[in-house]
Amino acid sequence: MLEKEYDPKDIEQKWYDVWLEHNYFHARDDDGSRKPYTIVIPPPNVTGVLHMGHALNNTLQDVMIRFKRMDGYNALWMPGTDHAGIATQNVVEKYLASQGRSRHDLGREAFIEEVWKWREKHGGLIITQLKRLGASCDWDRTRFTMDEGLSNAVKKVFVSLYEEGLIFRSDYIVNWCPRCHSALSDLEVEHEEEDGHLWHIRYPYAEGSGEVIVATTRPETMLGDTCVAVNPSDERYTDLVGKSVILPVMNRRIPVIADFMVDKEFGTGAVKITPAHDLNDYEMSIRHNLDVVVIIDESGIMNENAGPYQGMDRFDCREALEKDLQDQGYLVDKTPYRVPVGKCYRCKSVIEPYLSKQWFVKVRPLAEAAIKAVEEGRTRIVPKQWEKVYYEWMHNIRDWCISRQIWWGHRIPAWYCDACDEIIVSENEPAACTRCKNGTLRQETDVLDTWFSSGLWPFSTMGWPDQTPALKTFYPTDVLITGFDILFFWVARMMMLGIKFMGEVPFRDVYLHALVRDEQGQKMSKSKGNIVDPITEMDKYGADAFRFALTAFAAMGRDVRISDKRVQGYRFFINKIWNAGRFVLANIEGLDPDRGALDSAALSIADKWILTELNRTIAGARAAFEDYRFNEAADILYQFTWHTFCDWYIELSKPMLAGEDSLSAKWVLYTVFKAILELLHPIIPFVTEEIWQCLPGQGKDSIVITSYPRERKEFDYSADAELMGTIIEVISGVRSIRGETGISPSVQLDVVIRVANPEVQSLLGLNRVYIKELARVREVVFITGTDQHPKRCALAVRKGLEVYVPLEGVVDIEKEMERLDKQKAKVHKELEDKRKKLSNRNFVEKAKKDVVEEQMRLRDELEFELKSLQKAHELLAG
RNA sequence: GGGCGGGUAGCUCAGUUGGGAGAGCGUCGGCCUUACAAGCCGAAGGUCACAGGUUCAAUUCCUGUUCCGCCUACCA
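Using our numbering, read the first sequence as starting at 3 and increasing by one per residue.
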């Protein structure tokens with residue numbers, strides 16, 4: 003028996019432990035009897051704490067995996083965490099700093115050990131939190147991107163791509179974070195427009211008098227200028243090309259060159275070129291064979307090439323230089339200007355374009371295969387609109403900088419020979435230089451971009467490069483569920499690397515969900531203080547309510563706005579289910595569910611109706627899940643559970659249960675409610691298990707592994723269900739009159755019903771008990787088409803029926819007349835619209851036949867209603 | 001600069017082949033009807049951003065305008 007109040011705290015932990023104990027979440031590699039269904043988790047950062055994004059992402063995955071598990075699949079949800087190189091290193095460095103230590107004090111090896119220790123201690127938190135959410139991952143398989151197996155996969159991939167020429171090492175301008183002391187990929191830079199300035203600076207001619215004025219948003223870079231460039235077609239500067247100007251302050255002679263990249267329209271049409279600190283400038287320097295002068299160091303400090311500014315921070319230098327330029331008369335102008343600023347996505351420091359030697363992946367050939375896979379539909383991106391974004395990015399893809407100058411991560415498996423400068427790339431440390439045989443080897447100190455290893459996730463977690471049974475069974479995976487924000491970072495790279503190394507796409511479907519925002523639609527952030535904490539929500543309302551809320555708001559392609567209030571709303575829903583469970587359990591005594599279905603002759607019209615509705619709900623929910631329309635699935639199930647089953651069927655069942663022949667009602671109550679629990683289980687696993695376990699019946703282990711409900715042909719009673727719909731209309735008609743005329747629910751009424759169709763009338767008569775009970779009616783009287791309208795009555799017109807409630811002595815007649823007037827006006831207007839439409843010959847001729855018929859039917863209904871209202875009005879008056 | 005998404009009831013949002021505008025919350029009125037007051041019954045509330053076009057018919061398709069959000073970009 004269920005407690006009076008539902009308390010999630012008691013239940014959730016209990017059932018989760020049971021599920022683990024019975025290994026329900028484990029998928030077997032060797033289960034040949036069932037079709038596999040696989041999802042790999044987007045691995046959260048090992049240092050992470052569960053936030054709303056995780057909660058949404060993992061709830062949706064759990065919904066799918068539980069649905070498929072129940073539906074008979076060998077369902078694997080592969081869990082794990084990501085080593086998150088820069089983020090984790092930052093966290094541990096911060097921790098060391100709190101003790102007054104730095105990673106440099108420790109040295110590389112000791113620092114890495116420190117990170118492992120940190121991970122040992124704190125790395126399990128997010129896993130614990132996922133369990134709290136109810137995630138049904140196959141925990142025995144939990145992987146970490148730095149595990150030995152996954153690290154071997156990384157090495158193998160690196161070596162293989164290198165040997166194929168798809169990985170190379172080169173000098174290039176990269177995005178450098180002066181705080182993280184590392185290069186970043188293009189994706190790891192966040193672009194923003196900020197208020198800045200445009201400085202116009204005078205560069206005097208080296209020979210003769212005159213000057214050229216250049217415009218820049220970063221004056222400090224002029225210290226590293228090695229030329230001034232103009233457009234070759236710019237007549238203003240034709241004579242100047244090939245001559246020299248003097249770089250102010252530094253008093254260096256630099257040439258003026260012509261390059262087609264220069265925009266004549268911008269500024270003065272002359273641009274200063276700083277090859278070491280600007281990508282465009284660097285590429286131009288290659289074309290023109292220019293000098294390259296590095297003036298800023300790895301920490302953003304001006305170096306020895308910056309002359310008097312050596313040792314200054316780059317922004318301090320800007321100020322100092324501006325003053326000097328001003329004092330010396332070189333500064334022509336300084337105007338406000340919106341400037342694009344790149345920032346480190348991890349620490350928000352301003353990125354410095356920086357010339358350095360880095361490792362790159364030549365991604366274009368990989369991207370082409372990944373594009374083709376989506377074009378050919380081997381991988382489907384849902385919602386489809388993201389396909390375009392995917393193509394756009396893939397088509398314009400640039401080489402991927404994969405080396406990071408940090409310590410925590412997969413160290414690049416490359417060795418340099420200090421004797422002959424040979425680079426040896428190998429999975430294992432080479433014993434000697436492969437070329438000169440006698441040089442000393444030192445390993446590359448850089449580590450790989452974290453996304454390089456997570457790009458292998460769908461197969462590295464399954465044991466690749468070994469051809470494991472898991473790999474054979476579960477790759478390719480069925481769906482990847484993740485946020486659109488990592489489409490490029492992660493999804494695209496898994497596509498490229500999966501196709502490359504497995505020869506097959508990593509997933510059939512990619513479902514991209516939206517970001518979770520706060521109530522006002524703002525991105526959640528610590529600084530804004532608008533974080534909604536998943537754990538807090540679960541403490542307050544339970545994991546089920548929280549999960550249902552997330553599922554219900556996961557509409558395709560839309561932001562998910564979460565608010566405490568909404569979660570509370572779904573907490574009420576959980577409570578509703580709980581109470582329905584109490585009702586059902588209290589009323590099915592004597593029922594032996596194992597004796598099978600009753601024959602249909604024993605079923606009441608209400609029974610047939612709810613079974614038919616159940617079938618529709620099952621079909622709707624299944625289709626919605628299959629198409630990742632999570633909010634629709636939630637909506638359909640919510641609607642059916644609360645408003646169809648609880649509001650109507652339970653009420654309809656009460657008179658049946660009170661009667662002599664209550665067995666069919668008991669059986670239906672049990673059957674439908676059990677199905678409701680099973681239908682809802684993927685979304686709200688805990689409460690459904692708790693109640694399900696209380697239901698009678700044998701051979702039950704857990705709702706987790708029971709079959710997901712299917713439509714049953716023998717439950718389809720569409721014709722009878724329609725009559726039940728009519729009964730419901732009658733009841734709501736009476737209730738409506740009651741509500742609008744202010745008749746107290748405690749007052750018993752009589753009802754007169756006019757039905758045109760004699761068959762319907764007789765069936766209504768047979769089922770009058772429902773009307774009596776649910777509308778609180780004493781007598782139901784039927785009249786036929788030829789009978790007089792009853793006098794002094796309120797009227798409700800529904801579906802070709804007139805429902806009269808005699809008002810004599812019950813309510814103010816004047817008021818009822820007013821009400822009828824209002825009603826009449828409304829119906830009249832609608833009727834006019836219909837008539838107008840139907841009198842339009844174009845419509846009648848051109849519209850589809852069934853549409854016209856429908857309109858005619860509606861017109862007739864409205865006419866009937868209007869006529870009824872008019873007569874009722876007259877009789878009320880008389 | 002390019003691209004994408006959005007503007008529907010007071011609020012948050014659904015609305016998939018174009019054919020009588022929906023839900024939840026909130027509001028108002030009435031109910032402790034023996035599963036549930038975390039509940040039940042009833043009601044009010046919208047020129048579907050604006051302007052054109054296609055069509056017998058447009059919230060839905062097309063064009064333009066405007067406002068908001070996001071992604072992307074090597075114009076100093």
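The beta-carbon is built from N, C-alpha and C at its ideal position, and this holds for glycine as well.
For the beta strand (DSSP E) that contains residue i, what are its first and last residues?
i    : result
G344 : L333 to C346
D197 : V191 to P206
H53  : Looking at the DSSP string, H53 is not in any beta strand (DSSP E), and its letter there is neither H nor E.
Y39  : P38 to V42
I426 : I425 to V427
I288 : Per DSSP, I288 belongs to no beta strand (DSSP E); it is in the alpha helix (DSSP H), L281 to H290.
Counting only the same chain and skipping the five closest in sequence on each side, list residues whose C-beta sits under 6 Å from that of residue i.
i    : result
E731 : R800 and K801
L613 : F717
G344 : V191, H193 and I353
Q763 : V757 and F784
D629 : none
K668 : I590 and L593
M540 : F548
E775 : P657
So for residue i, helix, strand or coil by DSSP?
i    : result
N25  : coil
E810 : coil
C139 : coil
V296 : coil
P180 : coil
A603 : helix
K702 : coil
I175 : strand
G485 : strand
H645 : helix
P536 : helix
M304 : strand
Hey, could you find the ends of the alpha helix (DSSP H) residue i is sitting in?
i    : result
V749 : Neither: V749 is in no alpha helix (DSSP H) and is coded neither H nor E.
R105 : R105 to L108
W409 : W409 -> no alpha helix (DSSP H), and no H or E assigned at all.
D637 : F632 to Y640
V384 : Where V384 is concerned, there is no enclosing alpha helix (DSSP H), although the beta strand (DSSP E) it sits in stretches over R382 to V384.
A372 : R366 to E377
Q857 : K851 to A879
K578 : D566 to N589
V48  : No alpha helix (DSSP H) contains V48, which DSSP labels as neither H nor E.
Y164 : E150 to E165
E713 : Note, E713: premise wrong, no alpha helix (DSSP H); not H, not E.
If I measure Cβ to Cβ from residue i and keep anything under 7 Å in the same chain, skipping five residues before and after, which residues do I get?
i    : result
T337 : H199 and L200
I705 : L679, E680, H683, T690, E691 and W694
G70  : The sequence given here has Lys at residue 70, not Gly. Result list for K70: Y39 and A77, in chain order.
G699 : P595 and D596
V376 : I383, E389 and Y392
S351 : C179, P180, R181 and K345
Spatial neighbours of residue i within its chain, please: CB distance less than 8 Å, with the 5 preceding and 5 following residues excluded, ordered by chain position.
i    : result
M314 : I303, M304, A308 and A322
T553 : T61, L62, V65, F632, N633, A635, A636 and I685
S738 : A798
Y75  : R36, K37, P38 and Y39
Exercise for review: Please go through the region 214 to 265 and give each complete alpha helix (DSSP H) segment of 4 or more residues, from N-terminal end onward.
Suggested key: none
Check your understanding: Would you call the region 437 to 454 and the region 462 to 471 touching, i.e. three or more CB-CB distances under 8 Å?
Key -> no
Check your understanding: Residue ranges of each alpha helix (DSSP H) run of no fewer than 4 residues wholly in the region 80 to 129, ordered along the chain?
Key -> 87 to 100, 105 to 108 and 110 to 124
Practice item. Please go through the region 439 to 482 and give each complete alpha helix (DSSP H) segment of 4 or more residues, from N-terminal end onward. Key: 452 to 456, 459 to 462 and 471 to 476
Exercise for review: Indicate whether the contact test is met: 3 or more Cβ pairs, each with one atom in the region 562 to 580 and one in the region 604 to 621, closer than 8 Å.
Suggested key: no
Check your understanding: What are the start and end residues of each continuous alpha helix (DSSP H) run of 4 or more residues lying completely inside the region 661 to 692, in chain order?
Key -> 665 to 682
Practice item. Inspect the CB distances between the region 351 to 365 and the region 277 to 290 and report whether three or more fall short of 8 Å. Key: yes
Review point. Is the region 395 to 409 touching the region 200 to 210, taking contact as three or more C-beta pairs under 8 Å?
Key: no
Check your understanding: Using 8 Å as the threshold, is the region 81 to 97 in touch with the region 42 to 50, meaning 3 or more CB pairs across them?
Key -> yes
Practice item. Examine the Cβ distances between the region 637 to 651 and the region 28 to 42 and report whether three or more of them are shorter than 8 Å. Key: no
Check your understanding: Is the region 425 to 435 close to the region 126 to 144, with three or more CB pairs under 8 Å?
Key -> no
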